[in-house]
Amino acid sequence: MRLARISATVAAIAAIPTLAASGAVSTVLLNLKGGYANQTLFACGIKHHYTFFHVGHPLGMDGSVQPVPRTTVWKVKVKVKKCVAGRFRTVWSGHARGKADGTFKIAYTPHRRGSFFARAYYYGVTPTARSDKQYFRVR
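Set out below in structure tokens:
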């Protein structure tokens, strides 16, 4: 009897189409604009490629969501995290309104020096789609 339940469960799971096969997987891209230099650095115990920006100057970000959301009004949330005491902690978040072509723009003005990363989140799908981390250094 137990074997019959396990077989039925396996058959049910196998019948569920994967998100990738159905084309429902959303991709979020995030780009940082206006950096003046690049370097590989360690911060919070992680070695990564960093783009440099000036303190007090707006850091432009743009990106896209694919496939393009079907709703007329959609947003992405962009979070910026700073390396503080050996851990990345959220220091800023903002919402960018999406355009009909699937793109968005937002800006963040860093007021302190340090090592950061930014990431964009699109909550219009389950699971939430998120971009890769974009690491940057403010001097």
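Numbers 73 to 211, taken from my numbering, label the letters of the sequence shown in order.
Just so you know, even glycine gets a beta-carbon here, dropped at the ideal spot from N, CA and C.
Buried or exposed for VAL150, please, with buried defined as at least 16 other CB atoms from any protein chain shown within 10 angstroms of its CB. For the purposes of this step, residue 150 is taken as the residue at position 78 of the sequence shown. Buried.
From THR112 to THR123, what does the alpha carbon distance come to, in whole angstroms? Taking the first residue of the sequence shown as 1, we reach residue 112 at position 40. Taking the first residue of the sequence shown as 1, we reach residue 123 at position 51. Using only the alpha carbons, I get a separation of about 9 Å.
Through-space distance from VAL145 to LEU104, alpha-carbon basis: As a working mapping, residue 104 is identified with position 32 in the sequence shown. As a working mapping, residue 145 is identified with position 73 in the sequence shown. Their Cα atoms are separated by approximately 24 Å.
Return the first residue and the last residue of the beta strand (DSSP E) that GLY106 is part of. Indexing the sequence shown from 1 puts residue 106 at position 34. Premise fails: GLY106 is in no beta strand (DSSP E) and is neither H nor E.
Candidates LYS205, VAL137 and ASN110: closest to ALA172 by CA position: Walking along the sequence shown from the start, residue 172 turns up at place 100. Comparing Cα positions, the closest option is VAL137.
If we count the other Cβ atoms within 10 Å of its Cβ and call it buried at 16 or more, is PHE160 buried or exposed? As a working mapping, residue 160 is identified with position 88 in the sequence shown. Burial is judged here by how many other beta carbons sit within 10 angstroms of a residue's own beta carbon; PHE160 has at least 16 and is buried.
Coarse secondary structure for VAL163, derived from DSSP in three states: For the purposes of this step, residue 163 is taken as the residue at position 91 of the sequence shown. For VAL163, the three-state secondary structure derived from DSSP is strand.
Buried or exposed for ARG184, please, with buried defined as at least 16 other CB atoms from any protein chain shown within 10 angstroms of its CB. On the sequence shown, residue 184 is found 112 positions in, with the first residue counted as 1. Classification for ARG184: exposed.
CB LEU101 to CB SER165, shorter than 8 Å? If you number the sequence shown from 1, residue 101 lands on position 29. If you number the sequence shown from 1, residue 165 lands on position 93. The Cβ-Cβ distance between LEU101 and SER165 does not fall below 8 Å.
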